[in-house]
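Everything below concerns the one structure shown next.
In this note's numbering, the protein residues as written are 5 to 194.
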């Protein structure tokens with residue numbers, strides 16, 4: 005025979021399900037007062053300048069933190085503060101900076117760099133806003149990185165950065181041409 009406490013616990017568990025089953029269901033439940041913010045899409049065209057780490061590189065904008073002895077340099081970690089400009093000239097006004105790390109993640113292949121960074125805009129209408137970016141740079145002529153978030157003007161950002169190694173690249177200044185396509189939620193006034 006069940007104790008009064010056991011019966012009480014069973015009723016507490018079963019009654020909400022009985023009550024829910026007795027409520028008519030029409031297939032949709034409208035959200036009361038839900039306002040969906042508008043999304044905006046923008047396309048940006050910038051040039052990334054990577055001044056490689058190494059001896060006798062006074063203008064470098066990256067630094068090796070960890071150099072390993074594994075095959076292909078697996079685990080080698082480099083921190084970077086790459087500059088982004090509107091032209092291939094690295095001396096032009098810096099519009100944004102790509103600040104983050106890249107790690108040699110290929111144990112069986114050379115030049116498989118996993119990369120994550122924040123692109124922080126310093127000039128123009130997006131000054132103070134950031135994009136969070138992840139992807140690989142695999143020594144390819146072109147590729148894509150994912151935009152997985154943002155701040156400031158780029159709230160809830162999503163998108164893709166298509167990059168191409170630019171023909172004007174040199175050993176000292178690796179230039180990537182970036183085509184940034186990003187969708188984001190318009191900031192709502194408080």
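Here a beta-carbon is modelled for each residue, glycine too, at the ideal position from N, C-alpha and C.
It should be emphasised that the depicted structure is a prediction, and the values quoted were computed from it without experimental measurement.
Comparing alpha-carbon positions, which option in 178, 175, 179 and 164 lies nearest residue 187? That would be 164, whose Cα lies nearest to the Cα of residue 187.
Suppose only complete runs of 3+ residues qualify. What are the beta strand (DSSP E) ranges in the segment 86-156, listed by chain order? Taken in chain order, the unbroken stretches of beta strand (DSSP E) that lie wholly in the segment 86-156 and span 3 residues or more are 100-108, 117-125, 134-141 and 146-155.
Taking residue 65 as the reference, give the member of 184, 144 and 179 with the closest Cα. The residue with the shortest Cα to Cα distance from residue 65 is 179.
Whose C-alpha, out of 151, 86 and 107, is nearest the C-alpha of residue 141? The candidate whose alpha carbon is nearest that of residue 141 is 107.
Buried or exposed for residue 86, please, with buried defined as at least 16 other CB atoms from any protein chain shown within 10 angstroms of its CB. That one is buried.
Is residue 104 closer than 8 Å to residue 120 when the C-beta atoms are compared? Contact: yes.
Does DSSP classify residue 55 as helix, strand or coil? Residue 55 falls in the coil class under three-state DSSP.
Selection from 71, 113, 166 and 43 that minimises the alpha carbon distance to residue 83: Among 71, 113, 166 and 43, the Cα nearest to that of residue 83 is on 71.
Rounded to the nearest angstrom, what separates residue 154 and residue 48 at their Cα positions? Whole-angstrom Cα-Cα distance: 15 Å.
Helix, strand or coil: which one does DSSP assign to residue 78? Reduced to three states, the DSSP call for residue 78 is coil.
Start-to-end residues for the beta strand (DSSP E) that takes in residue 187: Start and end: 178-189.
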